[in-house]
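This report refers to the structure that appears directly beneath it.
Number of protein chains: 2
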Amino acid sequence: MANMHEIAKMAGVSLGTVSHVLNNTAKVREPKRTRVLEAVKASGYQPSQLARGLRRDTTNMIGMIIPDITNPFFPAVVRGAEDMAFSNGYRLLLCNTDNDHAKEIIHLNELRTYLPAGLIVIPSNFSDLTAQAESYRRAGTGVVCVDRLPKNWSGDSVTADNEAGAYNATRHLLQLGHTRLATITGPLHFTNAKERLVGFKRAMKEAKLHLSSDYTQETRYDKQGGHAKTLVLLGLVPRPTAIFAGNDMIALGALLAVHEAGLRCPNDVSIMGFDDLDLAETTNPPLSSVSQSGYQLGATAARLLLDRREGDIGPAKHIVLETVLNLRHSVAPPPEAAMGSSSMKRRPRSVQKRT
Amino acid sequence: MANMHEIAKMAGVSLGTVSHVLNNTAKVREPKRTRVLEAVKASGYQPSQLARGLRRDTTNMIGMIIPDITNPFFPAVVRGAEDMAFSNGYRLLLCNTDNDHAKEIIHLNELRTYLPAGLIVIPSNFSDLTAQAESYRRAGTGVVCVDRLPKNWSGDSVTADNEAGAYNATRHLLQLGHTRLATITGPLHFTNAKERLVGFKRAMKEAKLHLSSDYTQETRYDKQGGHAKTLVLLGLVPRPTAIFAGNDMIALGALLAVHEAGLRCPNDVSIMGFDDLDLAETTNPPLSSVSQSGYQLGATAARLLLDRREGDIGPAKHIVLETVLNLRHSVAPPPEAAMGSSSMKRRPRSVQKRT
DNA sequence: CGTTCTATTTGAAAGCTTTCAAAGGAGTCG
DNA sequence: CGACTCCTTTGAAAGCTTTCAAATAGAACG
């Protein structure tokens, strides 16, 4: 591929002039200017991002570190980030950590040597990000945390309003008449799991309902966990009539367990999810869930990074995105209340409630 | 961050020696060797990938170009590729094209300037990849096509055995007694859609069944398309008793349409999908589908790329991965046949059939 | 036309590695 | 001890861009 030297020769100008034309970094008078542009077009020249990055001390790559692209919540986040990045001339370097803190460190250390424009990170378990990010920031590279925060994080972040989302979802269950509400949380060392639990408890407290410790179970954010913990909950006496799941994967496992136990959802047990993944629409019954936009999360994080890069120097920003309660058919009044109620009324496919 | 000069100074050796120690590119005698290693450890030095790439004329990045990470089939492919890449010291630069051929070209042109170790591409609509790949190959950069092939592709590729998968799925439907089989294909300019249709037709022909042209519909690989075309199919007289969907998203739309039309799946209409996405397990009823491993697709492609890089110079390889028919509850014998049959028997959760 | 000033243009340096030819050192043999 | 060989080590060049100081060209003015 052609390099700048050749362009310079073709256009009969010096190296510096070519660079100035390409980067608008100095005025170049007319005859030369077009000659350069034409040479570029004719040769299909594109500047080497490597050489450019080396010289400028920064590239147009954004490093994105996530637990696992295979987890259905993350693709939207990545896509949101990629779209915002791409339309501003940046590219995404994707790294999966599997929530493995050692793998995260490998990525953080290596990414540095690419001189990325910034980092978007969904931190792993027990992430060491706070320390590492400090060194990035000293080098002038922004780091934004998304979805959940590592210990002592004081930098930029974009998260959903987990507490409000959980609170509203729980209130909805309470308003339907449930009094025996249980919750299956994600791993409580994740800030998002913790916040959702706080929201849940706040709603319970407001309703002056006691929460037996059996009624809150903690597990991994997956179907297996949801399944296992639901079996535990269903074995309790008295049995909960509603389960607030820490995310949709847990809810999915819960749904499965309820069916396996020979119970019906929502008739016997209501199930509420969190995330509102695409699959929530197609489960049986369709899942009610707290909707958060992964796409917005990612796009906002990338935007924040770009703003920083364009000179926005200011205190750390903690952007919190609203959630929406998306009601489908997996929640209904509790069995006793349902007797006399109108549970057989025609139900709309899906209803949204702002939270 | 420290650079090689500092390491050299710290260890009291020359620049070249540091490089030799780091790359094992020449024997370095003992006292110096350890001094270098220690200096590296003490300073946390990591070589600049930019400078290294510039000098070596190639980096450890693999460019991965896919239509849309948000489409549930692709994350597994990406993950497979990333795992294989990561464990061999390579990293993934991810690009979404939205099947937009212009966007694909932008990515192909720009990626070149990163001097990537190779490219893994799921080509977009009307992809121009064949021409572009030629120029990559001239530069010694491998390009592997995954999942489907662009026009006139003669380079390396990794795909599923779409035809056999479709053939076996169709045969299964035939064996259940269906005679009115319809299919909703993906866009037929995609090789995978075309191959699946060929497999379907081959099975039909073997069964000596006539295929009315109404009975094959083409649409985009998504839920909306599946929904719309299913409504068309259900309006035909006589109505098909089984629908072979070009992929699971189409099948999902079909499922929806069947329910909306007041029919039951599988009692009135059997539905067979392709891909066997995670969500196939949780639809209502759980979807029977031709299972192909996206993960294997991606991992195999990355492996192929690395082999090439390590010197495997030989004719183009076309790796074709087997599929497995994964039977769940969305297929059953046709209504007439079901009358006297044992459709009420207890059904296992899921059954696999090698294809 | 000569000066002076401003606007363009240039060439070289720098950014960090790898690699190659050359220099240096150590060991062997006579 | 000298010559020779072979193994280590070195320093400089190259890879491609950006950027800065310096040089040149052009314009305005007298």
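Residue numbers (the numbering used here), protein chains in the order written: chain A, 2 to 356; chain B, 2 to 356. Don't be surprised by glycine CBs; every beta carbon is placed ideally from N, CA and C.
From the DSSP output, in three-state form, read off residue i for me.
{"i": "Gln249 (chain B)", "result": "Per the sequence shown, residue 249 (chain B) should be read as Asp rather than Gln. In the structure shown, Asp249 (chain B) sits in a helix (DSSP, three-state: H, G or I)."}
{"i": "Phe191 (chain B)", "result": "coil"}
{"i": "Gly341 (chain B)", "result": "Any reading at Gly341 (chain B) needs caution, since the residue's pLDDT is 46, under 50, leaving its predicted position unreliable; the model's value is listed next. In the structure shown, Gly341 (chain B) sits in a helix (DSSP, three-state: H, G or I)."}
{"i": "Val14 (chain B)", "result": "coil"}
{"i": "Val29 (chain A)", "result": "coil"}
{"i": "Asp215 (chain B)", "result": "helix"}
{"i": "Arg347 (chain B)", "result": "Note that Arg347 (chain B) has pLDDT 49, beneath the 50 cutoff, so the model's placement of it is unreliable and no number is given."}
{"i": "His179 (chain A)", "result": "coil"}
{"i": "Val332 (chain A)", "result": "coil"}
{"i": "Asp279 (chain A)", "result": "helix"}
{"i": "Thr131 (chain A)", "result": "helix"}
{"i": "Leu326 (chain B)", "result": "strand"}
{"i": "Thr184 (chain B)", "result": "strand"}
{"i": "Ser155 (chain B)", "result": "coil"}
{"i": "Leu298 (chain A)", "result": "helix"}
{"i": "Gly45 (chain A)", "result": "coil"}
{"i": "Ile314 (chain A)", "result": "coil"}
{"i": "Ala243 (chain A)", "result": "strand"}
{"i": "Ala204 (chain B)", "result": "helix"}
{"i": "Gly263 (chain B)", "result": "coil"}
{"i": "Ile8 (chain B)", "result": "helix"}
{"i": "Val19 (chain A)", "result": "helix"}
{"i": "Thr160 (chain B)", "result": "strand"}
{"i": "Arg221 (chain B)", "result": "coil"}
{"i": "Phe75 (chain A)", "result": "helix"}
{"i": "Ala167 (chain A)", "result": "helix"}
Name the two residues that bound the continuous beta strand (DSSP E) containing residue i.
{"i": "Ser292 (chain B)", "result": "Ser289 to Ser292"}
{"i": "Phe275 (chain A)", "result": "Ser271 to Asp276"}
{"i": "Arg92 (chain B)", "result": "Arg92 to Asn97"}
{"i": "His319 (chain B)", "result": "His319 to Leu322"}
{"i": "Val145 (chain B)", "result": "Gly143 to Val147"}
{"i": "Leu236 (chain A)", "result": "Rather than Leu, the amino acid found at residue 236 (chain A) in this sequence is Gly. Counting along the chain, Gly236 (chain A) falls outside any beta strand (DSSP E), and DSSP gives it neither H nor E."}
{"i": "Ile63 (chain A)", "result": "Met62 to Ile67"}
Are the beta-carbon atoms of residue i and residue j separated by less than 8 Å?
{"i": "Ala132 (chain A)", "j": "Thr171 (chain A)", "result": "no"}
{"i": "Ala262 (chain A)", "j": "Ile121 (chain A)", "result": "no"}
{"i": "Leu234 (chain B)", "j": "Ala183 (chain B)", "result": "yes"}
{"i": "Phe127 (chain B)", "j": "His190 (chain B)", "result": "yes"}
{"i": "Gly187 (chain A)", "j": "Asn248 (chain A)", "result": "yes"}
{"i": "Pro68 (chain A)", "j": "Ser125 (chain A)", "result": "yes"}
{"i": "Tyr296 (chain A)", "j": "Met250 (chain A)", "result": "no"}
{"i": "Leu95 (chain A)", "j": "Glu83 (chain B)", "result": "yes"}
{"i": "Ala3 (chain A)", "j": "Val37 (chain A)", "result": "no"}
{"i": "Ala208 (chain A)", "j": "Val291 (chain A)", "result": "no"}
{"i": "Val332 (chain A)", "j": "Ser289 (chain A)", "result": "yes"}
Looking only at C-alpha atoms, which of the options sits nearest to residue i?
{"i": "Leu322 (chain A)", "options": "A:Gly299, A:Arg310, A:Ala246 and A:Ala258", "result": "A:Gly299"}
{"i": "Glu337 (chain B)", "options": "B:Thr324, B:His179, B:Val259 and B:Thr192", "result": "B:His179"}
{"i": "Arg194 (chain A)", "options": "A:Gly295, A:Arg149 and A:Ala82", "result": "The sequence shown places Ala at residue 194 (chain A), not Arg. It is A:Arg149."}
{"i": "Leu93 (chain B)", "options": "B:Glu7, B:Ala281 and B:Leu306", "result": "B:Leu306"}
{"i": "Ile272 (chain B)", "options": "B:Lys209, B:Ser136, B:Pro68 and B:His173", "result": "B:His173"}
{"i": "Leu112 (chain B)", "options": "B:Met65, B:Asp101 and B:Asp99", "result": "B:Met65"}
{"i": "Lys202 (chain B)", "options": "B:Gly226, B:Asp223, B:Asn169 and B:His228", "result": "B:Asn169"}
{"i": "Leu318 (chain B)", "options": "B:Val144, B:Thr324, B:Ala229 and B:Leu177", "result": "Here the sequence assigns Lys to residue 318 (chain B), which means Leu is not the residue at that position. Ranking the options by Cα distance to Lys318 (chain B), first place goes to B:Val144."}
{"i": "Tyr137 (chain A)", "options": "A:Pro151, A:Tyr91 and A:Ala118", "result": "A:Ala118"}
{"i": "Asp101 (chain A)", "options": "A:Arg80, A:Asp129 and A:Lys10", "result": "A:Asp129"}
{"i": "Tyr115 (chain A)", "options": "A:Leu23, A:Ser290, A:Thr60 and A:Thr18", "result": "A:Thr60"}
{"i": "Ala229 (chain A)", "options": "A:Pro32, A:Lys206 and A:Val259", "result": "A:Val259"}
{"i": "Ile185 (chain B)", "options": "B:Leu23, B:Thr220, B:Gly54 and B:Glu31", "result": "B:Thr220"}
{"i": "Arg310 (chain B)", "options": "B:Ala9, B:Tyr91, B:Val79 and B:Ala281", "result": "B:Tyr91"}
{"i": "Gly227 (chain A)", "options": "A:Val238, A:Leu253, A:Leu177 and A:Lys206", "result": "A:Leu253"}
{"i": "Gly81 (chain A)", "options": "A:Pro286, A:Leu55 and A:Val147", "result": "A:Val147"}
{"i": "Asp277 (chain A)", "options": "A:Gly141, A:Arg329 and A:Arg34", "result": "A:Arg329"}
The alpha helix (DSSP H) with residue i in it runs from where to where?
{"i": "Val122 (chain B)", "result": "Run containing Val122 (chain B): none in the alpha helix (DSSP H); it sits in the beta strand (DSSP E), Gly119 to Val122."}
{"i": "Gly1 (chain B)", "result": "Not covered by the structure: residue 1 (chain B). The range shown for chain B is 2 to 356."}
{"i": "Ile106 (chain A)", "result": "His102 to Arg113"}
Check your understanding: Is the number of C-beta pairs between the stretch 75–85 of chain A and the stretch 101–118 of chain A that are closer than 8 Å three or more?
Key -> Between the stretch 75–85 of chain A and the stretch 101–118 of chain A there are fewer than three C-beta pairs closer than 8 Å, too few to call the two in contact.
Exercise for review: Decide if the stretch 243–253 of chain A is in contact with the stretch 263–272 of chain A; the criterion is three or more beta carbon pairs, one per stretch, under 8 Å apart.
Suggested key: yes
Review point. Do three or more CB pairs link the stretch 76–95 of chain B to the stretch 34–44 of chain B at distances below 8 Å?
Key: no
Review point. Would you call the stretch 203–221 of chain A and the stretch 148–162 of chain A in contact, with 3 or more CB pairs under 8 Å?
Key: no
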